[in-house]
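**Student:** Numbering-wise (our numbering), the sequence shown opens with residue 38 and increments by one. Virtual Cβ for every residue (Gly too), placed ideally from N, Cα, C.
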Amino acid sequence: MSRRLCVLATLIWVASAVWTAPQAAGPQTSVAPRTASASSDYQAVLNQYCVSCHNDKVRTANLALNTLDLSNIPADAETWEKVIRKVRVGMMPPDGRPRPDRTTSHALVSWLESTLDRAATTKPNPGRPLVHRLNRAEYANAIRDLLALEVDPSSLLPPDDSGYGFDNIADVLGVSPVLLERYLTAAGKISSLAIGDPETGPAGETFIVRQDASQDQHIDGLPIGTVGGMAAQTTLPLDGDYVITVRLFRTNLGAMRGLENPHQLEVSVDGQRVHLASFGGESDFKASLQNPTAAGDDVDNRFTVRVPVKAGARTIGVAFLQNTAPAPWRLQPFLRSSNDTLDPTGWPHIDRFTITGPFNPTGPGDTPSRQRIFVCRPTGRADEEPCARKIISTLGRRAYRGQLTDADLQRLFEFYATGR
38 MSRRLCVLAT LIWVASAVWT APQAAGPQTS VAPRTASASS DYQAVLNQYC
88 VSCHNDKVRT ANLALNTLDL SNIPADAETW EKVIRKVRVG MMPPDGRPRP
138 DRTTSHALVS WLESTLDRAA TTKPNPGRPL VHRLNRAEYA NAIRDLLALE
188 VDPSSLLPPD DSGYGFDNIA DVLGVSPVLL ERYLTAAGKI SSLAIGDPET
238 GPAGETFIVR QDASQDQHID GLPIGTVGGM AAQTTLPLDG DYVITVRLFR
288 TNLGAMRGLE NPHQLEVSVD GQRVHLASFG GESDFKASLQ NPTAAGDDVD
338 NRFTVRVPVK AGARTIGVAF LQNTAPAPWR LQPFLRSSND TLDPTGWPHI
388 DRFTITGPFN PTGPGDTPSR QRIFVCRPTG RADEEPCARK IISTLGRRAY
438 RGQLTDADLQ RLFEFYATGR
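Right, here's the structure in full:
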């Protein structure tokens with residue numbers, strides 16, 4: 038993409054040169070005598086008021102105006118910019134020294150500025166474009182737009198540096214060999230997830246609930262009628278069975294909170310309940326008093342469930358069923374359930390849950406990513422190469438923002454040929 042930006046900058050430069058060239062070329066013959074006359078007039082002004090201090094012998098402020106050529110202002114543009122700033126604000130000539138009248142000073146500044154502006158317009162210099170990479174947020178957005186796949190860039194790439202409060206400027210977006218390896222590794226994981234690699238083995242992803250999250254209030258994204266818990270977004274690589282395990286919070290002594298009262302915990306996938314387990318009450322509370330660790334393990338085992346889930350983006354929810362409700366006519370202050378590490382009584386808290394899989398995978402499924410990538414499917418061996426070119430060209434146009442030459446397509450097709 039950086040190369041494309043460089044090309045775009047070059048086109049802008051060429052276009053600006055084409056539009057401004059007639060303006061600069063047209064009046065050259067008519068203003069040349071005036072330019073020569075103005076140079077001599079303003080040279081006299083400088084000689085009278087400036088050169089006595091700013092010459093090659095005295096060199097006040099390390100500036101020698103008598104050596105500069107007024108007929109070629111752009112040759113010393115940086116020096117004349119300094120002169121313009123000093124004269125415009127009245128700092129030069131200094132107080133106590135002879136000064137030209139305001140009209141003469143203004144005319145000198147205007148002439149210098151217009152001369153520099155004409156030169157800059159005739160030969161625009163957009164600067165040297167720096168090649169820089171995408172930062173993590175831009176990279177995740179590009180993956181989403183290109184492959185219809187939401188990824189967590191913080192789990193794939195290291196944090197970006199920042200400069201002047203921004204993390205998207207070229208100065209801080211360099212590429213080191215180690216960082217390039219991380220990008221290649223991330224690209225491998227993302228491509229495998231988008232396509233659905235049938236050789237993907239079981240892997241686990243754990244989601245930790247914030248300890249300060251209230252567990253007695255409804256959480257957005259979870260089914261109505263539940264309180265507490267967490268809704269986590271994840272992308273499953275294949276259709277198959279997945280094991281969801283839930284762990285409740287325990288105190289420093291290993292006692293599980295909230296067992297003095299009966300509760301129900303619900304596990305859902307995309308808002309649909311897949312498991313419901315009861316815990317708490319007199320039996321569990323007595324067992325916890327006798328052996329907190331064993332009782333807690335027994336309760337946690339009730340929350341493990343194995344369910345078939347389709348590949349793609351899924352919302353895994355874990356929450357408690359709401360079995361009490363405040364009187365609607367009674368005003369109550371906002372309360373936050375306490376995650377006390379010492380008190381074993383009170384409202385139970387979900388500590389974390391893990392989804393592991395796939396087990397017994399049945400295929401990559403029909404995910405939005407596969408629909409975005411595989412725009413055609415060959416019906417025979419003769420259709421494989423034309424279909425591959427169509428898929429690659431479609432992805433290439435999206436990645437290159439519509440700019441894809443035959444050479445670009447051939448370069449990308451070589452990767453397919455090598456893998457084929």
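Near residue 359, what residues of its chain come up, given a Cβ to Cβ distance below 8 Å and the 5 sequence neighbours on each side ignored?
**Tutor:** 255, 262, 263 and 264
**Student:** Measure the Cβ-Cβ separation of residue 356 and residue 305 and say whether it is below 9 Å.
**Tutor:** yes
**Student:** Is the Cβ-Cβ distance between residue 395 and residue 279 less than 9 Å?
**Tutor:** In this structure, residue 279 lies closer than 9 Å to residue 395 by Cβ.
**Student:** Should the segment 284 to 294 be called in touch with the segment 269 to 276, which here means at least 3 C-beta pairs below 8 Å?
**Tutor:** no
**Student:** So, at 7 Å on beta carbons, what are the nonlocal neighbours of residue 181 in its own chain, with the 5 sequence-adjacent residues on each side left out?
**Tutor:** 187
**Student:** Does any C-beta atom of chain C lie closer than 9 Å to the C-beta of residue 83?
**Tutor:** No chain C is present in this structure, which holds just one protein chain.
**Student:** Out of 350, 148, 90 and 389, state which residue places its alpha-carbon closest to the alpha-carbon of residue 406.
**Tutor:** 350
**Student:** Per DSSP, what are the beta-bridge partners of residue 316 in this structure?
**Tutor:** When beta bridges are read from the DSSP output, residue 316 appears opposite 300.
**Student:** What's the gap between the Cα of residue 414 and the Cα of residue 457?
**Tutor:** 16 Å
**Student:** Less than 9 Å between the beta carbons of residue 317 and residue 333, yes or no?
**Tutor:** no
**Student:** By Cβ distance below 8 Å, which residues in the same chain neighbour residue 450 in space, the five residues on each side in sequence not counted?
**Tutor:** 425, 426 and 429
**Student:** Which residues in the same chain have their Cβ closer than 7 Å to the Cβ of residue 152, if we skip the five residues on either side of it in sequence?
**Tutor:** 110
**Student:** Beta strand (DSSP E) containing residue 398: first to last residue?
**Tutor:** 387 to 400
**Student:** Do you know offhand how far residue 146's Cα is from residue 84's?
**Tutor:** 16 Å
**Student:** Assuming residue 246 and residue 353 are in contact, meaning their beta carbons sit under 8 Å apart, how far apart are those beta carbons, in whole angstroms?
**Tutor:** That pair is no contact at about 12 Å.
**Student:** Out of 231, 168 and 258, which one is the CA nearest neighbour of residue 432?
**Tutor:** 231
**Student:** Below 8 Å on the Cβ atoms is my contact criterion, and I expect residue 391 with residue 241 to pass it. Report the Cβ-Cβ distance as a whole number of Å.
**Tutor:** 5 Å
**Student:** To the nearest angstrom, how far is it from the Cα of residue 347 to the Cα of residue 397?
**Tutor:** Taking the straight line joining both Cα atoms gives about 12 Å.
**Student:** Rounding to the nearest angstrom, what Cα-Cα distance links residue 439 and residue 311 in this structure?
**Tutor:** 44 Å
**Student:** Which same chain residues end up closer than 6 Å to residue 299 when comparing Cβ atoms and leaving out the 5 residues on each side of it in sequence?
**Tutor:** A distance below 6 Å between beta-carbons, with the five flanking residues on each side excluded, links residue 299 to the following residues of its chain, in chain order: 317 and 318.
**Student:** Quick check on the burial criterion: 16 or more other C-beta atoms within 10 angstroms. Buried or exposed for residue 378?
**Tutor:** exposed
**Student:** Measuring CA to CA, which of 223, 81 and 120 is closest to residue 100?
**Tutor:** 120
**Student:** Using DSSP with H/G/I as helix, E/B as strand and the rest coil, what is residue 192?
**Tutor:** In this structure, DSSP gives residue 192 a helical state, which the three-state scheme calls helix.
**Student:** Mapping the DSSP letters down to three states, classify residue 285 as helix, strand or coil.
**Tutor:** strand
**Student:** Taking only runs of the alpha helix (DSSP H) that begin and end inside the segment 63 to 132, which ones reach a length of at least 4 residues, in chain order?
**Tutor:** With a minimum length of 4 residues, the continuous alpha helix (DSSP H) runs that stay inside the segment 63 to 132 are 65 to 86 and 114 to 125.
**Student:** At what residue ranges does the segment 174 to 248 contain a whole run of the alpha helix (DSSP H), taking only runs of 4 or more?
**Tutor:** 214 to 232
**Student:** Look up residue 447 in the DSSP assignment and say whether it is helix, strand or coil.
**Tutor:** In this structure, residue 447 counts as helix in the three-state DSSP scheme.
**Student:** Quick one: grab the DSSP three-state call for residue 357.
**Tutor:** strand
**Student:** Are residue 282 and residue 337 touching if we call contact CB-CB under 9 Å?
**Tutor:** Between residue 282 and residue 337, the gap from beta carbon to beta carbon is short of 9 Å.
**Student:** In terms of DSSP beta bridges, what is residue 309 paired with?
**Tutor:** In the DSSP assignment, residue 309 forms a beta bridge with 306.
**Student:** Beta strand (DSSP E) containing residue 265: first to last residue?
**Tutor:** 263 to 273
**Student:** Return the residue from the list 343, 434 and 131 that minimises the CA-CA distance to residue 97.
**Tutor:** The candidate whose alpha carbon is nearest that of residue 97 is 131.
**Student:** Nearest-angstrom Cα distance between residue 233 and residue 297?
**Tutor:** Their Cα atoms are separated by approximately 46 Å.
**Student:** Just the Cα atoms here: how many angstroms apart are residue 93 and residue 135?
**Tutor:** Straight-line Cα distance between these residues: approximately 20 Å.
**Student:** From this set, 251, 214 and 154, which residue's C-alpha is nearest residue 162's C-alpha?
**Tutor:** 154
**Student:** What are the boundary residues of the alpha helix (DSSP H) that residue 434 is part of?
**Tutor:** 421 to 436
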